[in-house]
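Chemist: Below is the structure I would like to discuss, written out as structure tokens.
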Amino acid sequence: MEYIPHTRADIERMLRAIGVGDVDDLFSDIPAEIRARYRPLGLSPRSELEVRRELEGRAIKNRRLVPFLGLGLYDHYIPAVVNELSSRSEFYTAYTPYQAEVSQGTLTWMFEYQTMICELTGMEVANASMYDGGTALAEAVLMARRIVGGDKVLVPRSLNPLHRGVVETYCRGAGIEVVDLPFDEAGRLVLEEVPEGVIALIVQQPNGLGIIEDLSGLKERLGDAFLIVSVYPIALGVLEPPGSFGADIVVGEGQPLGNPLSFGGPLLGIFATRRKYLRMMPGRVSGRTVDVEGKEGYVMTLQTREQHIRRERATSNICTNSALCALRATIYLAALGPEGLQQIALLCLERAHELAQEIERIPGFELAFKGPFFNEFAVRCSDPEGVTRDLWEAGFAVVPPVYLERMGVERAFSLALTEKRTEEEIQGVLEVLREHAR
Amino acid sequence: MVPQELRYTKSHEWVRVEGGTARVGITDYAQKKLGDVVYVELPEVGKKLKKGEVAVTVESVKAAESVYAPVSGEVVEVNEELVSTPGAINQDPYGNGWLFVLKVENEDELSELLDAEAYKKLIGE
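Residue numbers (our numbering), protein chains in the order written: chain Y, 444 to 881; chain W, 17 to 141.
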């Protein structure tokens, strides 16, 4: 598609056609005092070279922090093959199949993606991706209500606060009550009783505090209500898939699979469920079939309930997916294989446990929870703000206390480790912490 | 193909009045517009429907359309055969392709339905 700017003459013709004197008149509904706040930036036209110099000059002032960040987004290594293949124009320019069946290559990788997500989660069907982990989780709640009915959803206090925000927003509009579940000293969710009218229980694995939840027996206690599990896909390299615990829907943030940390996006929503709920699932599905001559081919087998066809009666209001991010996840998983994924998961786990052990030796610092963790953990100390700030100064980014507070944890910050974190970086963090020892 | 003995709605359902009940399906015109039907989501027996309420979702290879209750009443029978052979809606829309049977709540609503002539006019036949 070409970019065709409007000329002055174009604009005047359009204004004449609708009988408006000036472009500003189109915004006269907005009170003048509010309009006055938004003035042009006052930038004069500059050449491409000048703009580039200006922006590069500013970019160089950015500080590159070593990310020990968590809460759903993680700094994993991305093999070169991921960038190389995903930036091929056959994939890159044809990223969404408007004319699905002529895009056989796109349908093929989508089919592979869905298959890998099913294998990873232990589920029977997966869609071709959603927007991000938070919206996938909220969509799972809405889907559960379409099937189960009811008006309450059980949400652990330890759920990633960013995901909780999305779920709460969706539930407010849909008239669903969010019922908080506490966590115990180990950091694991406590399910005392299942009240009447429950649509679903959300479990995050590992949870927002980094703790690995015990999924066994939960589905049995829920009965007809859904067990929705939100996963960190890399952790599934070593954890038993939620499908084997009877999960009805498995969602997750797919960024860790071959997608970079880039100011918080773009992200990838994983969504998988049981075969019997296929038609209640939002999103689209690519399927493998044979043509009239018996030759193998791929079709967009499920999209008739999407917004561009069903409009206001669509299964979901999300009409977009994250095709390019899902493609990268597919290449990443294909390059690693099950053994590779397991090795990465083990590296993350080992690094994190090494650092945790060292931190516990520092007087005044302790792990906030005693439960088992994967690669992320909360650390309690007397001045978490000061520690976080000093880590920042020393070049390390960790999850600041405000996010822990939103999960009901006081005086703590948290950090996550991936296979990319070096011994030197780990020692650097420990050095800062030791300065705060009591 | 618009059978003379049936009643119709503007939303392309047909109704066969059988004593106090009404058998409902979609018309030949509707099935042609939809294309190959691949899935039918039927209501539960015992469900009470108001006239105009969504009763069934019929999914074809290109669309998922709602089928509305032509009159108010309780669902007393559904065509379970369609779960395994949804194509019956295309092959035999007025016979084996029926969708559900309603126990008619208000007989007056039946007289508001279109007759064959009026329906033919609607679809331009």
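A virtual CB, placed ideally from N, CA and C, is assigned to each residue, including glycine.
#1: Please report how far the alpha carbon of Y:Met444 lies from the alpha carbon of Y:Leu665, in whole angstroms.
#2: Mark Y:Ala460 as exposed unless 16 or more other C-beta atoms lie within 10 angstroms of its C-beta, in which case mark it buried.
#3: List, in order along the chain, the chain W residues whose C-beta lies closer than 8 Å to that of Y:Thr747?
#4: Mapping the DSSP letters down to three states, classify W:Trp30 as helix, strand or coil.
#5: Which residues in the same chain as Y:Glu868 place their Cβ atom closer than 6 Å to its Cβ, once the five residues preceding and following it in sequence are excluded?
#6: Output, in chain order, the set of chain W residues within a Cβ distance shorter than 8 Å of Y:Arg722.
#7: If Y:Ser694 and Y:Leu784 are in contact, beta carbons under 8 Å, what's the gap, nearest whole angstrom?
#8: Flag W:Ala46 as yes when its Cβ comes closer than 7 Å to any non-hydrogen atom of the ligand ADP, and as no otherwise.
#9: If you pair each beta-carbon of the region 565 to 575 of chain Y with each one of the region 593 to 600 of chain Y, do three or more pairs fall below 8 Å?
#10: What residues in the region 748 to 772 of chain Y bring their beta carbon closer than 7 Å to a beta carbon of chain W?
#11: Work out the CA separation of Y:Thr558 and W:Leu58 for me, nearest whole Å.
#12: If you reduce the DSSP assignment to three classes, tell me which class Y:Ala475 lands in.
#13: Check whether the Cβ atoms of Y:Leu834 and Y:Val875 sit closer than 8 Å, and answer yes or no.
#14: If we ignore side chains and look at the alpha-carbon of each, how far apart do Y:Gly548 and Y:Val845 end up?
#15: Go ahead and label Y:Asp902 buried or exposed: buried means 16 or more other beta carbons lie within 10 angstroms of its beta carbon, across all protein chains shown.
#16: To the nearest angstrom, how far is it from the Cα of W:Glu93 to the Cα of W:Val31?
#17: Quick one: give me the first and last residue of the beta strand (DSSP E) that Y:Ile692 is part of.
#18: Could you please give me the residues that DSSP links to Y:Phe817 through a beta bridge?
#19: Hey, quick one: how far does the alpha helix (DSSP H) through Y:Glu828 stretch, first residue to last?
#20: How would you label W:Gly35, buried or exposed, when you count the other beta carbons within 10 angstroms and need 16 or more for buried?
#21: Near Y:Ile774, which residues of its chain fall below 7 Å by C-beta distance, leaving aside the five closest residues on each side in sequence?
#22: Using C-beta distances below 8 Å, list every residue in its chain close to Y:Asp667, excluding the 5 sequence neighbours before and after it, in chain order.
#23: Please go through the same chain and pick out, in chain order, the residues whose beta-carbon is closer than 8 Å to the beta-carbon of Y:Thr450, but skip the five residues on each side of it.
#24: Quick check: what's the CA-CA separation for Y:Leu585 versus W:Glu128?
#25: If Y:Leu516 and Y:Glu656 are in contact, beta carbons under 8 Å, what's the gap, nearest whole angstrom?
#26: In whole angstroms, what is the alpha-carbon distance linking Y:Arg480 and Y:Ile473?
#27: Determine the DSSP secondary structure at Y:Ser601, reduced to helix, strand or coil.
#28: Got a sec, what are the start and stop residues for the alpha helix (DSSP H) Y:Gln800 sits in?
#29: Could you tell me which of Y:Glu544, Y:Arg588 and Y:Ala837 sits nearest to Y:Ile892, measuring between CA atoms?
#30: Do Y:Arg727 and Y:Gln750 count as a contact pair if the criterion is CB distance below 8 Å?
#31: Mapping the DSSP letters down to three states, classify Y:Tyr574 as helix, strand or coil.
#32: Return helix, strand or coil for W:Ser82, following the three-state DSSP convention.
#33: Could you pull the DSSP bridge partners for Y:Ile713 from this structure?
#34: Compare the C-alpha of Y:Trp552 against each of Y:Val637, Y:Ile521, Y:Gly730 and Y:Ile645 and name the closest.
#35: When burial is assigned at 16 or more other CB atoms within 10 Å of the CB, is Y:Glu819 buried or exposed?
Modeler: In brief:
#1: Here the question's residue 444 of chain Y lines up with position 1 in the first sequence. Here the question's residue 665 of chain Y lines up with position 222 in the first sequence. Its pLDDT being 46, under 50, Y:Met444 is placed unreliably by the model, and the measurement read from it follows with that caveat. Taken atom to atom, the span from the alpha-carbon of Y:Met444 to that of Y:Leu665 is near 51 Å.
#2: Start at 1 with the first residue of the first sequence, and residue 460 of chain Y comes out as number 17. Within 10 angstroms of the beta-carbon of Y:Ala460 lie fewer than 16 other beta-carbons, which makes it exposed.
#3: As a first step, residue 747 of chain Y is located in the first sequence; it is residue number 304 there, counting from the start. Chain W residues near Y:Thr747: Glu75, Ser76, Val77, Lys78, Ala79 and Ala80.
#4: Within the second sequence, the letter at position 14 stands for residue 30 of chain W. Residue state, collapsed to three classes: strand.
#5: For the purposes of this step, residue 868 of chain Y is taken as residue 425 along the first sequence, with counting starting at 1. For Y:Glu868, where only same-chain residues beyond five positions count, the Cβ hits under 6 Å are Val509.
#6: Numbered from its first residue, the first sequence carries residue 722 of chain Y at position 279. Per Cβ cutoff of 8 Å: Tyr55, Glu57 and Glu75.
#7: Numbered from 1 along the first sequence, position 251 holds the residue referred to as residue 694 of chain Y. Numbered from 1 along the first sequence, position 341 holds the residue referred to as residue 784 of chain Y. Residue identity check: residue 694 of chain Y is Val in the sequence provided, not Ser. Going by Cβ atoms, the distance from Y:Val694 to Y:Leu784 rounds to 19 Å, so no, they are not a contact pair.
#8: Looking at this structure, you won't find the ligand ADP or any other ligand, since it has none at all.
#9: Contact between the region 565 to 575 of chain Y and the region 593 to 600 of chain Y is absent, with fewer than three C-beta pairs closer than 8 Å.
#10: Taking 7 Å as the Cβ-Cβ cut-off, the region 748 to 772 of chain Y approaches chain W at Arg748, Ile752, Arg753 and Arg756, given in chain order.
#11: Taking the first residue of the second sequence as position 1, residue 58 of chain W is located at position 42. Taking the first residue of the first sequence as position 1, residue 558 of chain Y is located at position 115. One Cα belongs to W:Leu58, the other to Y:Thr558, and the distance between them is close to 29 Å.
#12: Counting from one through the first sequence, the residue named residue 475 of chain Y turns up at place 32. Helix at Y:Ala475.
#13: Here residue 834 of chain Y refers to the residue found at position 391 when the first sequence is read from its first residue. Here residue 875 of chain Y refers to the residue found at position 432 when the first sequence is read from its first residue. For the pair Y:Leu834 and Y:Val875, the CB atoms are nearer than the 8 Å cut-off.
#14: Translated into positions along the first sequence, residue 548 of chain Y becomes position 105. Translated into positions along the first sequence, residue 845 of chain Y becomes position 402. In a straight line, the C-alpha of Y:Gly548 is about 45 Å away from that of Y:Val845.
#15: What is shown of chain Y runs 444 to 881, which leaves residue 902 of chain Y out entirely.
#16: In the second sequence, the residue the question calls residue 93 of chain W occupies position 77. In the second sequence, the residue the question calls residue 31 of chain W occupies position 15. A direct Cα-to-Cα measurement between W:Glu93 and W:Val31 gives close to 14 Å.
#17: As a working note, residue 692 of chain Y is residue 249 in the first sequence. From DSSP, the beta strand (DSSP E) with Y:Ile692 extends over Ile692 to Glu696.
#18: As a position in the first sequence, residue 817 of chain Y is number 374, starting the count at 1. Assignment of beta-bridge partners to Y:Phe817 by DSSP yields no partner.
#19: By one-based count along the first sequence, residue 828 of chain Y stands at place 385. For Y:Glu828, the uninterrupted alpha helix (DSSP H) segment begins and ends at Pro827 to Ala837.
#20: Reading the second sequence from its first residue, position 19 is the one you call residue 35 of chain W. Note on W:Gly35: under 16 other CB atoms within 10 angstroms of its CB, so exposed under the neighbour-count rule.
#21: The residue you call residue 774 of chain Y lines up with position 331 of the first sequence. Annotation for Y:Ile774: Val524, Val525, Leu528, Ser529 and Gly701 place their beta carbon closer than 7 Å to its own, counting only its chain and skipping 5 residues before and after.
#22: Counting from 1 along the first sequence, the entry for residue 667 of chain Y is found at position 224. Cβ within range, chain order: Val591.
#23: The residue given as residue 450 of chain Y occupies position 7 in the first sequence. Beyond the five residues adjoining it in sequence on each side, Y:Thr450 comes within less than 8 Å, by CB distance, of no other residue in the same chain.
#24: Taking the first residue of the first sequence as 1, we reach residue 585 of chain Y at position 142. Taking the first residue of the second sequence as 1, we reach residue 128 of chain W at position 112. Each residue's Cα considered, the two are about 37 Å apart.
#25: One-based indexing of the first sequence puts residue 516 of chain Y at position 73. One-based indexing of the first sequence puts residue 656 of chain Y at position 213. About 20 Å separates the two Cβ atoms, so there is no contact after all.
#26: Translated into positions along the first sequence, residue 480 of chain Y becomes position 37. Translated into positions along the first sequence, residue 473 of chain Y becomes position 30. Those two C-alpha atoms are separated by around 11 Å.
#27: Numbered from 1 along the first sequence, position 158 holds the residue referred to as residue 601 of chain Y. Coil at Y:Ser601, not helix or strand.
#28: As a first step, residue 800 of chain Y must be located in the first sequence, where it is residue number 357. Boundaries of the alpha helix (DSSP H) harbouring Y:Gln800: Ala766 to Glu803, taken from the DSSP string.
#29: This structure cannot speak to residue 892 of chain Y, because chain Y is shown only from 444 to 881.
#30: In the first sequence, residue 750 of chain Y corresponds to position 307, counting from 1. In the first sequence, residue 727 of chain Y corresponds to position 284, counting from 1. Contact flag unset, no.
#31: Locating residue 574 of chain Y in the first sequence gives position 131, where the first residue counts as 1. Collapsing the DSSP output to three states places Y:Tyr574 in coil.
#32: Locating residue 82 of chain W in the second sequence gives position 66, counting from the first residue. Secondary structure of W:Ser82 (DSSP, three-state): strand.
#33: What you label residue 713 of chain Y is simply residue 270 of the first sequence in a count that begins at 1. Answer is Y:Gly695.
#34: Stepping through the first sequence from its first residue, residue 552 of chain Y is reached at position 109. When the alpha-carbon of Y:Trp552 is set against those of Y:Val637, Y:Ile521, Y:Gly730 and Y:Ile645, the nearest one is in Y:Gly730.
#35: Reading the first sequence from its first residue, position 376 is the one you call residue 819 of chain Y. Result: buried.
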